[in-house]
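Okay, structure first, notes after.
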Amino acid sequence: MVNISVLVSGGGTNLQAIIDKIQTGDLAGAQIVQVISSREGVFALERAEKAGIKGKVVKDTESLLAELAAENTELVVLAGYMKVLEPAVIQAYRQRILNIHPSLIPKYCGKGFYGKRVHQAVIDAGETVSGATVHFVDEGVDTGEIILQRQVPVEPGDTADTLAARVLETEHVIFTEGIQKVIQQLEKKGGK
Ligand code: GAR
């Protein structure tokens, strides 16, 4: 079993998708050992509690590293985590931190591109296709190696909200696929 710590900052629908797929056996060989939020009172923490998973609020890097180590974390999954991780965390979990981003990286990513802002920029540019990307996290913002990417159409009349909702459905599918892929790679390498 690969021990996953999921980091969140908000509603946690991606967290929920991962919880559900572990429960149904669609995501095999993994367990969520804790959910760590950068903020108090987010719905993602309620989702964790309901699923019987430990939830914590952690705000500084030293405590984050301590909590990750305390649960023998092997993979860190950023599921709507809105903070940029310090290099110390990246170094401790090199090629073991995954993020989901709601665009086709390298488009509409990097500093300032998060949440609704991404989708508004896609619409403002007149794009007909957007999508979602699962990637490893490195020291940059959305610059790490791409694990999986899938296109989503932009429909005429889309608002940032309608496009976000359509992209989110695809995120829920490809995030677990990406996690599964990384777990298989780890098992092959004997790193697990
Ligand atoms: C998701 O759309 C995710 O791709 C995005 O935040 C949302 C979180 O939703 N992440 C970023 O923009 C990171 N740069 P959720 O809390 O319902 O999973």
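Numbered per my numbering, the sequence shown spans residues 951 to 1142.
Beta carbons are placed, not taken as given, at the ideal position from N, Cα and C, and that holds for glycine.
Backbone secondary structure at residue i - three-state DSSP
i     : result
L1014 : helix
I954  : strand
F993  : helix
P1103 : strand
I1097 : strand
T1023 : coil
L965  : helix
A1029 : coil
K1061 : coil
A1082 : strand
D976  : coil
Alpha helix (DSSP H) segment containing residue i, residue limits
i     : result
I1129 : A1110 to K1139
A1042 : P1037 to A1042
A1071 : K1066 to D1074
Pair within 8 Å by beta-carbon distance, residue i and residue j
i     : j     : result
V958  : V992  : yes
A1029 : I1003 : no
I1129 : I969  : no
L1014 : I1047 : no
T1011 : V1039 : yes
V1102 : V1117 : yes
Buried or exposed (CB count within 10 angstroms, at least 16 for buried), residue i
i     : result
P1052 : buried
K1138 : exposed
N1022 : exposed
V1007 : exposed
Limits of the beta strand (DSSP E) - the one that residue i falls within
i     : result
N1049 : I1047 to H1051
I982  : A980 to S987
S959  : Premise fails: S959 is in no beta strand (DSSP E) and is neither H nor E.
K1143 : Look at the range of the chain in this structure, 951 to 1142, and you will see that residue 1143 is not part of it.
Taking 8 Å as the threshold, find out whether the stretch 1087–1101 comes into contact with the stretch 1053–1060 through three or more Cβ pairs. Verdict: yes, contact present.
Across the stretch 1026–1041 and the stretch 1066–1083, are there enough close Cβ pairs to call them in contact, namely three or more that are closer than 8 Å? By the criterion of at least three beta-carbon pairs nearer than 8 Å, the stretch 1026–1041 is not in contact with the stretch 1066–1083.
Segment contact, 8 Å Cβ cut-off, at least three pairs: the stretch 1033–1043 with the stretch 1073–1080: Contact between the stretch 1033–1043 and the stretch 1073–1080 is not established, with fewer than three Cβ pairs separated by less than 8 Å.
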